[in-house]
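Structure first, then comments.
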Amino acid sequence: MPLFLDLPKLPLPATNVELFHRDAPVVLEIGFGDGSFLEWIAKTHPEWNCLGADVARGSVTRAFKRLRSANVSNVRLHHGSGLFLLRNVLSNESVSRVYVNFPDPWRKERHAEKRLFQHSFFELLAARLIANGSLLVTTDDGSYFEQTLSIALKSGYYKVTEPPPPRTVLQTKYASKWREAGRSFYHAHIQKQVRHTPEIPPEIRKENGMHHALLNGSIPEITEFEKVVHHFPKGHVVILDVLQMIGQRGLVFVARSHEPELVQELFIQLRPAGKADADLLLSVMNFGNPIATRGTSEAVKAVSRWLTQQDLTLSGTYY
């Protein structure tokens, strides 16, 4: 079984069966580091479906190697935001547990909006957790810990207990390092206590078919290019560069789309259309396995507008 979620092939949101090909309790670790704790969960609870999310490429690489060697079949990884999974991939009342071990406290006040544990997080979590589902948090930052518990309790969705940190959590790479440095550890079991929770729909809507456009004119000769930034509600697209294809007629635009908790690197290709009603086809390439979302639509739109400034004309838009 593949270790990574194949998001372009999944509906959003997805059921447990669609994610894992079996119906079993779903647990999520946000920020899995080298994957050691995720491996322990998967081996200790083969009856669970285990999801892990991490934004750091190095962590994802290390965890992938570890889990592949461990030959576990009940784990799926996501290189990206755990909030993205909670908000857009996981269904309402579908998650049994969420683990967060040693989250970044973002201590400086100007970075406060980057902290994971905010009121909006606990509201979203309440919508996704099953009845009596739990968040288990371990940290070495006492101030951040107290702030987290205060926000959780003020939300009105949870009860909080403070048992000792699980032994397995304290054996992870960073915990071992900090224990040797004499730091204290704080652990909380934050359990959902209400039956009626908010209905929070996904923020990213997956669209049918990848976006493209048809144009008339000749492929322009590019001698210089200035970065293009295109804004849309709750996101933006940056067209970073344009490349000349070797051995065939065409251009490839290098783009990055930014949506809530989702950043996609895109290659958008301009090539002969082979159609009677248009000279050229502009489309998102499959390279990188992009998800068809508002961001990919806006990226094609931004490139199309740039091309019309190079004396091409639009004959059809599919975005």
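In this text, residue positions in the sequence shown follow the working numbering: the first is 17, and each later residue adds one.
Glycine included, every Cβ here is placed at the ideal spot set by N, Cα and C.
As the structure is a computational prediction, the values presented were derived from the model and not from experiment.
Taking every protein chain shown into account, the CB of glutamine 280 has 16 or more other CB atoms within 10 angstroms, so this residue is buried. Isoleucine 235 and glycine 266 do touch by the CB rule: their CB atoms are close to 7 angstroms apart, below 8 angstroms.
Nearest to leucine 296 by C-alpha distance, out of Ile284, Asn302, Gly304, is Ile284.
In the DSSP assignment, leucine 54 forms no beta bridge with any residue. In the DSSP assignment, glutamate 34 falls within the unbroken alpha helix (DSSP H) covering 32-36. Comparing alpha-carbon positions, the option among Val71, Ala72, Asp70, Ser52 lying closest to arginine 84 turns out to be Ser52. Three or more beta-carbon pairs drawn from the segment 43-58 and the segment 188-198 are found closer than 8 angstroms, and the two stretches are therefore classed as touching. By the neighbour-count criterion, in which a residue is buried when 16 or more other Cβ atoms sit within 10 angstroms of its Cβ, aspartate 39 is exposed. Less than 7 angstroms divides the Cβ of leucine 44 from the Cβ of leucine 67.
Following the DSSP letters along the chain, one finds histidine 203 inside the beta strand (DSSP E) bounded by residues 202-208.
Only exposed fits lysine 170, as fewer than 16 other CB atoms lie within 10 angstroms of its CB. Of all alpha-carbon atoms in Ser97, Arg73, Phe48, Ile46, the one lying nearest the alpha-carbon of histidine 274 is that of Ser97. Sequence-distant Cβ neighbours of threonine 164 in its own chain, meaning closer than 6 angstroms and more than five residues away, are Phe133.
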